[in-house]
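Q: Handing you a structure now.
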Amino acid sequence: MEELDSEPTVTLIPGVNSKKKQMCFDWGPGEMLVCETSFNKKEKSETVPGCPFIYIIRKDIDVYSQILRKLFNESHGIFVGLQRIEEELTGKSRKAQLPCFLSLQDAPCSCCMSFHFCRLVRVSKNYRSVIRACMEEMHQAAIAAKDPASGRQFSSQVSILSAMELIWNLCEILFIEVAPAGPLLLHLLDWVRLHVCEVDSLLADVLGSENPSKHESFWNLVTILVLQGRLDEARQMLSKEADVSPTSAGMCRILGDLMRTMPVLSPGNTQTLTELELKWQHWHEECERHLQDGTFASSPHLESLCKIMLGDEAALLEQKELLNNWYHFLVTRLLYSHPTVKPIDLHFYAQSSLDLFLGGESSPEPLDNILMAAFEFDIHQVIKECSIALSNWWFVAHLTDLLDHCKLLQSHNLYFGSNMREFLLLEYASGLFAHHRPSRLSSDCCSLWQLGVDYFDYCPELGRVSLELHIERIPLSTEQKALKVLRICEQRQMTEQVRSICKILAMKAVRNNRLGSALSWSIRAKDAAFATLVSDRFLRDYCERGCFSDLDLIDNLGPAMMLSDRLTFLGKYREFHRFYGEKRFCDAASLLLSLMTSQIAPRCFWVTLLTDALPLLEQKQVIFTTEQTYELMRCLEDLASGRPVRGEPGAQRLQEDIENTKLEMLRLALARNLARAIIKEGSLEGS
Amino acid sequence: MEEIYAKFVSQKISKTRWRPVPPGSLQTAETFATGSWDNEENYVSLWSIGDFGNVDSDGGFEGEHQLLCDIKHHGDVMDLQFFDQERIVAASSTGCVTVFLHHPNNQTLSVSQQWTTAHYHTGPGSPSRSSAPCTGVVCDNPEIVTVGEDGRINLFRADHKEAVRTIDNADSSTLHAVTFLRTPEILTVNSIGQLKIWDFRKQGNEPSQILSLTGDRVPLHCVDRHPNQQHVVATGGQDGMLSIWDVRQGTMPVSLLKAHEAEMWEVHFHPSNPDHLFTCSEDGSLWHWDASTDVPEKSSLFNQGGRSSTFLSHSISNQANVHQSLISSWLSTDPAKDRIEITSLLPSRTLSVNSLDVLGPCLVCGTDAEAIYVTRQLFS
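Sequences listed follow chains A and B, in order.
By the UniProt record's numbering, the letter at position 669 of the first sequence is numbered 669, and the numbering carries on one by one without gaps.
By the UniProt record's numbering, the letter at position 348 of the second sequence is numbered 348, and the numbering carries on one by one without gaps.
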């Protein structure tokens with residue numbers, strides 16, 4: 001067992017007073033039931049009115065947000081695309097599928113080592129853009145929210161999504177792009193710029209004012225630009241200042257020059273890291289000299305900017321407010337003191353930046369821990385912390401899957417189930433299947449299950465079993481939905497589930513008096529027993545009403561007729577009626593006879609069949625040959641001898657009388673027919 | 001097919017329908033209705049693809065469709081048809097048929113008429129009724145015809161509270177779709193691969209004609225009639241096959257075309273350009289079938305001389321008789337079949353494409369992946 005990482009959080013259930021009452025609970029898939037018990041603690045019962053409700057406690061309430069559903073649906077497409085890339089690579093993809101959009105968009109680019117690697121980065125970016133789109137929509141919703149409570153809820157969702165994106169982006173830089181020293185810092189700068197974006201609105205605000213350099217936030221803006229390494233923009237702002245105050249114009253120009261000459265790595269440049277380091281060292285010394293000479297002594301603003309550019313920790317920490325958070329501090333600090341930081345050294349700077357920034361005043365929050373774990377390149381810790389901190393499995397499942405595709409998680413196996421990727425995907429997919437289901441007991445209420453199917457498909461070990469268990473529990477409100485579920489099962493050769501679904505539908509149809517439908521479903525399920533049952537219902541109805549229902553189906557059974565003996569009999573018996581109707585008496589007669597002699601017809605039906613023979617026997621021309629007549633007679637005697645002879649009173653007696661009369665009539669008809677047949681055959685032979 | 005817009009809408013879309021443009025107007029399609037299914041709460045919604053994204057610029061860029069209004073719908077929306085410019089008829093899985101009225105002034109939808117138990121089952125031996133899903137609806141002002149899993153056919157009139165005509169037990173299996181053939185005649189498809197023609201002038205519950213696929217009894221899910229030639233009918237089946245029928249002759253389809261890998265949910269002839277046909281399927285694909293004879297190709301055949309004489313004679317007959325060419329584009333045998341060009345319209349495989357509709361150069365489709373796709377340049 002692993003040890004507990006932290007104290008579990010306490011969730012209070014509104015309306016339940018756990019101090020006064022004992023509570024009981026039961027686990028369910030993804031949720032639990034909680035209710036008060038009438039069991040009292042030690043003291044005598046005070047007869048406090050108990051809470052009459054049973055509560056359903058659920059962890060991942062996010063699934064119920066309309067906006068997050070878009071996240072689930074859109075990321076599903078990306079997820080499937082990613083798995084297909086893998087299949088293509090391993091040559092597993094059996095059929096030539098239409099190209100998926102991922103492969104269409106990706107043109108091989110020069111900046112990366114391999115095509116495959118480039119695609120993985122693309123996938124990661126796609127995931128992030130979906131998170132961002134969702135975040136923006138949530139933000140709009142928060143603004144448009146009518147009551148403050150829901151506004152707050154949306155805002156908190158925005159901050160959760162933004163944290164997700166922040167973590168994902170960092171993971172992308174560190175684990176997927178695996179940026180080397182040099183480019184690493186450029187990526188980290190982009191990362192910070194993307195997530196500390198208030199500066200852009202501030203920039204527009206300041207530039208939009210009549211006199212930018214007199215704007216109250218002017219110096220804050222310039223400082224932020226410098227902190228983010230946006231030196232070109234900072235320089236432009238300084239030139240605005242220089243324009244209006246001639247006294248500081250000289251200083252502004254010098255600082256501006258320093259900004260301009262700061263050596264940076266540009267992607268297209270071929271200079272080596274050593275060259276860069278050398279140049280950077282020179283530049284750094286020049287900045288140092290200016291500071292020592294007191295070039296900016298008369299302007300505290302400019303002097304503090306210069307100190308920042310020297311990577312002075314004290315000066316940086318003075319700007320705590322503008323830095324917002326420790327990772328911004330970290331990146332700025334690296335930019336101005338260790339621009340060629342190696343990935344391996346990151347965690348050292350990260351830790352010290354966190355300590356310096358918090359200054360022992362506050363303790364790190366979950367997000368800080370997650371980022372720190374990432375800087376330490378401890379993927380498992382990142383995933384673990386995220387699983388604890390986030391309220392649903394979407395994030396960890398998708399991130400872990402992507403990292404697994406980057407071959408970063410190979411070694412890690414859990415002590416239960418399968419590996420971590422599969423474990424998280426299974427959790428996520430099960431959540432999708434559980435979506436909405438418990439909230440109502442009526443049938444039409446689980447709507448993300450189709451997404452879950454694909455996730456289960458890509459869990460090699462336990463996916464199939466999980467799918468089998470879940471798919472049977474989907475409520476089948478309409479046939480169309482049932483067809484969709486059936487298609488899923490049939491594509492995966494889940495014959496057991498196919499049979500059970502068809503059976504459910506057939507049963508339902510029988511209950512609704514839809515025999516035709518029931519028969520179609522049992523044929524589809526190849527369920528012989530049920531087909532027999534339905535055929536019996538058809539035959540019973542025929543005996544009662546004297547006509548067949550659902551002829552459109554029975555007349556078109558085709559080879560499906562062979563499914564069960566009773567069904568074959570039903571089809572053939574109907575065929576007899578058709579022959580008779582079409583006045584093809586000879587065909588009808590031989591079919592009727594063969595139904596009895598081949599034992600397809602159930603014994604209980606023989607009387608009916610023999611009665612059906614009566615009109616044929618009474619026809620003007622002779623239809624049954626002598627041979628056939630003998631056969632019929634044998635059948636009749638078989639039937640008569642097999643019948644129990646019991647003298648019972650009343651209604652049964654009457655019934656028996658009727659039967660006996662029938663038999664006598666048949667015997668008479670058969671004898672007459674035999675006579676006619678013998679004469680006819682004899683005279684034909686004689687002539 | 002460059003511009004195809006996708007929008008995720010947080011509900012699984014079961015039906016999409018363009019609002020018809022007023023006859024004789026030069027307007028193009030700009031409003032469509034959608035219905036959702038399998039959600040806790042289902043909706044009938046109206047969307048606009050008009051350029052009013054400029055007016056109301058909350059994140060929506062030009063070309064993306066915007067929600068105009070929606071209204072809760074009890075049960076899954078099984079089918080949806082525009083009755084006229086303002087009214088939409090929706091079929092529900094609860095067996096209810098509802099007419100919604102759109103008020104363009106304040107952009108709202110309201111229920112204008114409802115037949116609550118249009119489709120129902122009667123249990124064996126008990127008078128109690130349990131609702132049966134209504135699977136298809138078709139409108140021809142003022143008539144509305146509905147079919148359901150109960151094998152019942154209802155004929156409603158917009159101004160009548162009760163059904164004008166009901167055919168109980170019209171089908172022993174589930175009826176999946178319905179369309180008008182000629183005014184008093186309708187065409188239904190069922191789950192045992194049959195196509196039945198019903199004449200409302202005739203009494204009784206027998207169809208006037210039954211056409212069926214061969215022995216396999218593959219369920220048929222959708223049906224559409226050629227807009228100009230009323231005897232030409234296309235159906236789509238559970239195996240993804242497209243069948244073309246000539247209801248005047250034979251009881252078997254004229255041609256069977258291998259199409260999708262799973263259920264074909266809808267098939268539509270292009271209303272004004274019927275050489276084009278559109279199909280969508282459970283396998284997540286949306287196809288455009290083009291059977292129009294390609295003019296440049298034809299001239300190249302002329303240049304080649306007598307080598308392909310069948311084509312040549314065919315083309316000549318086309319020129320001689322325009323109607324002849326229209327008929328032959330779907331009904332004629334091999335040479336025409338070879339010329340059908342099929343394009344896949346969606347950029348990537350998704351979950352099931354449940355519904356599509358075409359009007360003029362515009363196409364809309366809805367999927368189980370909760371996305372609506374719209375394109376306005378179908379023939380570019």
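C-beta atoms are modelled at their ideal positions from N, C-alpha and C, and glycine is treated no differently.
Can you tell me the Cα-Cα spacing of A:L515 and B:S172, whole angstroms?
A: Those two C-alpha atoms are separated by around 7 Å.
Q: Just mark A:K508 as buried or exposed, buried being the case when its beta carbon has 16 or more other beta carbons within 10 Å.
A: Burial call: buried.
Q: Comparing C-alpha positions only, which one of B:T251, B:L181, B:D76 sits nearest to A:T478?
A: Checked all of B:T251, B:L181, B:D76; the closest Cα to A:T478 is B:D76.
Q: Applying a beta-carbon distance threshold of less than 7 Å, which residues of chain B neighbour A:E74?
A: Result: F8.
Q: Does the distance between the C-beta of B:R17 and the nearest non-hydrogen atom of the ligand NAP fall short of 7 Å?
A: The ligand NAP is not among the ligands present in this structure, which contains no ligands whatsoever.
Q: Between the C-alpha atoms of A:A671 and A:S500, what's the straight-line distance to the nearest angstrom?
A: So the two alpha carbons sit approximately 52 Å from each other.
Q: Pick helix, strand or coil for A:R672, following the three-state DSSP scheme.
A: Correct three-state label for A:R672: helix.
Q: Going along the chain, which residues of its own chain have a beta-carbon closer than 6 Å to the beta-carbon of A:H195, five neighbours each way excluded?
A: Hits under 6 Å: L166.
Q: Who pairs with B:F156 in a beta bridge, going by DSSP?
A: The partner list for B:F156 (beta bridge, DSSP) reads B:I144.
Q: Could you please tell me which residues of the stretch 168–191 of chain B, in chain order, have their CB closer than 9 Å to any CB of chain A?
A: So the list reads N169, D171, S172, S173, T174, H176, N190, S191, given in the order they occur along the chain.
Q: Any idea what DSSP makes of B:T214, helix, strand or coil?
A: B:T214: coil per DSSP, three-state reduction.
Q: Give me the residue from B:S36, B:F156, B:R152 with the minimum Cα distance to B:V145.
A: For the residues B:S36, B:F156, B:R152, the minimum Cα distance to B:V145 belongs to B:F156.
Q: Using 8 Å as the threshold, is the C-beta distance between A:G463 and A:F433 below it?
A: It is not a contact, given that the beta carbons lie outside the stated cut-off.
Q: So, are the CB atoms of A:A506 and A:F530 less than 8 Å apart?
A: Contact flag set, yes.
Q: Is the beta carbon of A:S299 closer than 8 Å to that of A:K248?
A: Residue identity differs from the one stated: residue 248 of chain A is Ser in this sequence, not Lys. Yes, they are a contact pair.
Q: Please report the residue range of the beta strand (DSSP E) in which A:L68 lies.
A: Per DSSP, A:L68 belongs to no beta strand (DSSP E); it is in the alpha helix (DSSP H), 66–90.
Q: Spatial neighbours of A:L570 within its chain, please: CB distance less than 6 Å, with the 5 preceding and 5 following residues excluded, ordered by chain position.
A: Cβ neighbours of A:L570 beyond the five flanking positions: S535, F538.
Q: So if DSSP puts A:C543 in a beta bridge, which residue, or which two residues, is it bridged to?
A: A:C543 is not bridged to any residue.
Q: Leaving out five residues before and five after A:L189 in sequence, what residues of the same chain have Cβ atoms less than 8 Å from its Cβ?
A: Contacts found: Q228, G229, V331, L335.
Q: Determine the burial state of A:L654: buried for a count of at least 16 other Cβ atoms within 10 Å of its Cβ, exposed for fewer.
A: The residue is exposed, with fewer than 16 neighbouring Cβ atoms inside 10 Å.
Q: Tell me, to the nearest whole angstrom, how far the beta carbon of B:W289 is from that of B:S344; I am working on the premise that it is less than 8 Å.
A: No, B:W289 and B:S344 are not in contact; Cβ-Cβ is about 11 Å, not under 8 Å.
Q: Pick helix, strand or coil for A:Y428, following the three-state DSSP scheme.
A: DSSP places A:Y428 in helix when its eight states are reduced to three.
Q: Are three or more beta carbon pairs between the stretch 205–217 of chain A and the stretch 168–179 of chain A nearer than 8 Å?
A: Result no; under three Cβ-Cβ pairs closer than 8 Å.
Q: Please list the segments of the beta strand (DSSP E) lying wholly inside the stretch 175–257 of chain A, counting only runs of 3 or more residues, in order along the chain.
A: Runs found: none.
Q: Buried or exposed for A:M372, going by 16 or more other Cβ atoms inside 10 Å?
A: It is buried - the Cβ of A:M372 has at least 16 other Cβ atoms within 10 Å.
Q: Leaving out five residues before and five after residue 381 of chain B in sequence, what residues of the same chain have Cβ atoms less than 6 Å from its Cβ?
A: Look at the range of chain B in this structure, 1 to 380, and you will see that residue 381 of chain B is not part of it.
Q: Using 8 Å as the cut-off, can you tell me whether the stretch 256–268 of chain B makes contact with the stretch 215–224 of chain B, which would need three or more C-beta pairs spanning the two stretches below that distance?
A: In short, these stretches touch, since the Cβ pair count reaches three.
Q: Helix or strand or just coil, what does DSSP make of A:R537?
A: It is helical.
Q: In the DSSP assignment, what are the bridge partners of B:I244?
A: B:I244 pairs with B:A234, B:S255.
Q: Are the C-beta atoms of A:S520 and some chain B residue less than 8 Å apart?
A: Answer yes: the Cβ-Cβ gap between A:S520 and chain B drops below 8 Å somewhere.
Q: How close, in whole Å, do the beta carbons of A:E461 and A:E422 come, if the pair is a contact with beta carbons under 8 Å?
A: About 6 Å separates the two Cβ atoms, so the contact holds.
Q: Quick one: does B:E149 have its CB under 8 Å from some CB of chain A?
A: With 8 Å as the cut-off, B:E149 counts as an interface residue toward chain A.
Q: What residues in its chain sit with their C-beta under 8 Å from that of B:E370, if we drop five residues either side in the sequence?
A: Once the five neighbours on either side are set aside, the close Cβ partners of B:E370 are F8, V9, S10, Q11, K12, I13.
Q: Please compile the residues from chain A whose C-beta is within a distance smaller than 7 Å of the C-beta of B:L351.
A: Per Cβ cutoff of 7 Å: Q450.
Q: Hey, out of B:W47, B:Q27, B:S25, B:E41, whose CA is closest to B:H34's CA?
A: Going by the sequence as given, residue 34 of chain B is Thr instead of His. Ranking B:W47, B:Q27, B:S25, B:E41 by Cα distance to B:T34 puts B:W47 first.
Q: Which value, in whole angstroms, describes the spacing of the CA atoms of B:P133 and B:D150?
A: Distance between the alpha carbons of B:P133 and B:D150 is about 8 Å.
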